[in-house]
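As given, the protein sequences belong to chains A and B, one line each in that order. For the first sequence, our numbering gives the first residue as 1, with consecutive numbering after it. For the second sequence, our numbering gives the first residue as 383, with consecutive numbering after it. Below is one structure, written out as structure tokens; the observations come after it.
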Amino acid sequence: MKTIEEINEKIKNGTAVVVTAEEMIGIVEEMGTKKAAQKVDVVTTGTFSPMCSSGAFINFGHSSPPIRMTRVWLNDVMAYAGIAAVDAYIGATELSESQGMAYGGAHVMEDFISGKDIRLYAESYGTDCYPRKSITTTINRDNVNQAFMFNPRNCYQNYYAGTNSTNKTIYTYMGTLLPNFGNVTYCTSGQLSPLLNDPEYRTIGIGTRVFLGGAQGYVAYQGTQHDPGQERMPNGTPVGGAGTLALIGDMKKMSARFVRAAIYEKYGVTLFVGVGIPIPVLDEDMAAKTSVSDKDIFTYIVDKSGATSFSQLVSYHELRSGNVVINGKKVPTAPLSSMKVAREIADILKQQILKGEFLISEPAELLPKTGERLNKLDVRGD
Amino acid sequence: MIDINTIKVSLTFPPSKVTFPLMTKLVRVFELEVNILHADVRLNKTGKLIVELTGETHNIDDALKYIEEMGITCHIFNGTLTWDEEKCVHCGACTSVCPSRALTIGEPDYTLSFDKEKCLVCGLCVKACPLNVMCLAQRE
Ligand code: SF4
Ligand code: SF4
């Protein structure tokens with residue numbers, strides 16, 4: 001019906017119709033999928049959630065005499081240096097060696113994006129061509145060569161909600177879970193979430209231009225643990241974790257409003273990452289898919305203590321109502337993912353497209369739509 | 383001059399005292415205004431009440447003595463919770479632990495709302511907030 005090229009022409013002419021995924025729900029309700037597909041060109045999505053599998057490659061530049069860094073610390077947080085001389089990868093969840101859980105890789109990334117100076121200490125065994133054995137200096141956004149965020153797994157398509165069956169409070173990456181099914185936490189932006197609006201990956205693929213942390217970034221590949229074979233509803237949305245994205249983007253251009261370090265009590269450090277993905281409404285099917293609402297998206301509530309195999313199907317509409325009923329008891333629910341910032345992202349992306357600053361890209365390759373389910377790690381030895 | 387004061391207290395009742403009509407006494411005998419903020423009371427179990435008491439200072443002092451004499455443990459909250467709204471990302475994680483619903487989030491705009499009146503100053507949200515934007519300060 002419409003091609004991406006045609007949509008981009010409209011964007012350049014300033015005639016494209018762009019709406020957010022939440023606005024699309026009402027539009028399709030009102031005029032049906034057929035007319036909505038004719039009217040709307042692009043639907044924007046957004047999410048702002050803790051995404052542990054995030055990090056950044058940084059190239060520090062060469063000193064004189066040069067060093068082939070073998071071990072690197074940024075503000076006392078170890079970065080992986082087993083690559084070329086002055087390249088390193090700082091992972092979001094790595095903890096500070098001096099401050100423990102109070103500071104980590106995610107904080108280094110946020111500080112870097114905020115333009116702060118970061119202390120670099122590196123060691124080496126010294127070689128004929130790289131004689132220096134250690135270096136202490138400061139780096140920042142302006143004095144490093146490249147700094148690109150490369151997140152192996154972002155934008156989980158859907159995620160199980162968490163609860164706790166035991167009689168003790170547990171501290172998890174799903175937040176603080178109170179005893180005896182005392183609360184339920186959940187962590188997606190539901191009807192606004194990127195991969196829930198393109199559940200069968202018809203338009204989002206390798207090379208798709210995205211909003212990443214306030215800058216323009218790209219889908220680099222399917223994310224780790226991409227699991228398209230997950231159980232699905234008739235509308236195509238998966239029930240629980242399924243598709244994931246590996247994202248890449250220039251960290252020098254990002255904004256700390258959309259990249260925030262976080263600490264989960266007794267669990268550790270992670271990074272809130274803001275992502276927005278535009279979805280071209282190519283045809284009636286995409287109009288239907290992008291009009292998905294929280295009433296039609298489901299997940300399981302699972303016992304994060306691991307003590308029971310408790311699992312209960314719920315819709316995001318129920319989760320968002322503030323309460324769900326578990327074993328006949330009303331249990332309060334709480335989000336962990338910021339709907340407020342997710343909406344802000346979807347809206348910024350919409351404005352950027354309307355102004356012609358952000359074009360839609362044709363993926364170089366689509367994401368796998370089928371595949372083996374995930375492997376388990378065997379334990380062999382102690 | 384009448385000296386009116388308001389305090390927030392947590393009362394822990396031993397199982398044998400759970401049915402004791404303390405609130406009525408506080409109102410009738412000590413002429414206090416009682417506002418129950420949180421209640422967790424079950425028959426034959428240790429009970430917990432969090433209440434706000436308003437009244438003349440000498441009446442409040444007498445009431446606190448009376449409560450102790452009745453074998454009910456009383457703890458006065460004298461801290462205050464501060465929320466650094468600028469740094470808050472409105473994720474909602476703190477709302478999952480707040481026992482009094484002082485913290486809530488939802489439609490229309492998913493902005494965290496903090497109702498100071500309902501806050502028990504329990505500090506649970508301080509640790510549950512991943513952004514570290516809640517802080518408990520002791521009142522002088
Ligand atoms: S947990 Fe912290 S950041 Fe999240 S809404 Fe509450 S106060 Fe704001
Ligand atoms: S201290 Fe925090 S968790 Fe406790 S009642 Fe007040 S707002 Fe709620």
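Note that beta-carbon positions come from the ideal geometry of N, C-alpha and C, so glycine has one too.
As assigned by DSSP and simplified to three states, the class of residue i
i, result
"Q351(A)", "helix"
"L408(B)", "helix"
"N151(A)", "strand"
"T70(A)", "coil"
"E522(B)", "In this predicted model, E522(B) has a pLDDT of only 46, less than 50, meaning its place in the structure is not dependable; the value taken from the coordinates is given anyway. Coil, per DSSP."
"C504(B)", "coil"
"D466(B)", "coil"
"F211(A)", "strand"
"R119(A)", "strand"
"I204(A)", "coil"
"C517(B)", "strand"
"S478(B)", "helix"
"E365(A)", "strand"
"F395(B)", "strand"
"V17(A)", "coil"
"G223(A)", "coil"
"T290(A)", "helix"
"A81(A)", "coil"
"N8(A)", "helix"
"V108(A)", "helix"
"A417(A)", "Since the first residue of chain A shown is 1 and the last is 382, residue 417(A) is not available in this structure."
"T176(A)", "strand"
"I25(A)", "helix"
Reference residue i; option with closest CA among the options
i, options, result
"E499(B)", "E413(B), V479(B), T464(B)", "T464(B)"
"S291(A)", "V259(A), M31(A), V314(A)", "M31(A)"
"M233(A)", "Y221(A), L313(A), I263(A), D303(A)", "L313(A)"
"V416(B)", "N426(B), L404(B), K427(B), G453(B)", "L404(B)"
"P280(A)", "G26(A), A36(A), N13(A), E29(A)", "A36(A)"
"K252(A)", "I139(A), T370(A), E9(A), G126(A)", "I139(A)"
"H317(A)", "F211(A), T333(A), R141(A)", "T333(A)"
"M149(A)", "R119(A), A85(A), F112(A)", "F112(A)"
"G243(A)", "G371(A), Y80(A), V42(A), I25(A)", "G371(A)"
"N158(A)", "P199(A), N145(A), S124(A), R68(A)", "P199(A)"
"K430(B)", "V471(B), G474(B), H457(B)", "H457(B)"
"F358(A)", "D347(A), L367(A), P368(A), E365(A)", "D347(A)"
"D491(B)", "M339(A), K369(A), R373(A)", "M339(A)"
"I354(B)", "N441(B), C507(B), D422(B)", "No answer is possible for residue 354(B): it lies beyond the span of chain B, which begins at 383 and ends at 522."
"L336(A)", "S482(B), T486(B), L419(B), S398(B)", "T486(B)"
Contact set between residue i and chain B, taken where Cβ atoms lie within less than 7 Å
i, result
"V341(A)", "V471, H472"
"G175(A)", "A475, S478, A510"
"G322(A)", "G488"
"E265(A)", "K509, A510"
"A334(A)", "G474, A475, T477, S478"
"F310(A)", "By Cβ distance, chain B contributes nothing, its closest Cβ being about 18 Å from F310(A), past 7 Å."
"F148(A)", "None at all; the shortest Cβ gap to chain B is about 23 Å."
Contacting residues, own chain, Cβ-Cβ under 6 Å from residue i (five flanking each side not counted)
i, result
"T136(A)", "Y121"
"S392(B)", "I432, H457"
"G115(A)", "R141"
Neighbouring residues, chain A, relative to residue i (Cβ below 7 Å)
i, result
"T428(B)", "Within chain A, no residue comes near T428(B); the closest Cβ sits about 15 Å away, beyond 7 Å."
"V503(B)", "In chain order: nothing, as chain A lies at least about 17 Å away."
Proximal residues to residue i (C-beta, below 7 Å), its chain only, five neighbours per side dropped
i, result
"P179(A)", "N164, T166, N167, K168, T169"
"L425(B)", "V400"
"E9(A)", "none"
"Y267(A)", "Y171, T172, Y173"
Chain B residues whose Cβ lies nearer than 8 Å to that of residue i
i, result
"S338(A)", "V471, H472, C473, G474, Y492"
"L377(A)", "Those do not exist, as L377(A) stays about 28 Å from chain B at its closest Cβ, beyond 8 Å."
"N183(A)", "S478, V479"
"A21(A)", "Within chain B, no residue comes near A21(A); the closest Cβ sits about 15 Å away, beyond 8 Å."
"A287(A)", "Simply none; closest approach about 25 Å."
"R260(A)", "V471, L513"
"P194(A)", "Simply none; closest approach about 18 Å."
Beta-carbon neighbours of residue i, restricted to chain B and to distances below 9 Å
i, result
"F272(A)", "V471, C473, P512, L513"
"F112(A)", "Those within 9 Å of F112(A) in chain B number zero; the least Cβ separation is about 18 Å."
"P179(A)", "Chain B residues near P179(A): none, gap ~12 Å exceeds 9 Å."
"P65(A)", "By Cβ distance, chain B contributes nothing, its closest Cβ being about 41 Å from P65(A), past 9 Å."
Cβ neighbours of residue i in the same chain (closer than 8 Å, five flanking residues each side left out)
i, result
"S321(A)", "T333"
"V239(A)", "N158, Q230, E231, R232, M233, F298, T299, Y300, L313"
"G437(B)", "I386, N387, F412, E413, L414, E415, A445"
"C473(B)", "P512, L513"
"A364(A)", "G205, I206, G207"
"G61(A)", "V86, N143, V144, N145"
Chain-ordered neighbours of residue i on chain A, where CB pairs are closer than 9 Å
i, result
"G453(B)", "Within 9 Å Cβ-Cβ: nothing; G453(B) doesn't reach chain A, min ~27 Å."
What runs of the alpha helix (DSSP H), each 4 residues or longer, lie entirely inside the stretch 294 to 336 of chain A?
-> 316 to 320
Enumerate, from N- to C-terminal direction, the unbroken beta strand (DSSP E) stretches of 3 or more residues contained entirely within the stretch 413 to 457 of chain B.
-> 415 to 422, 429 to 438
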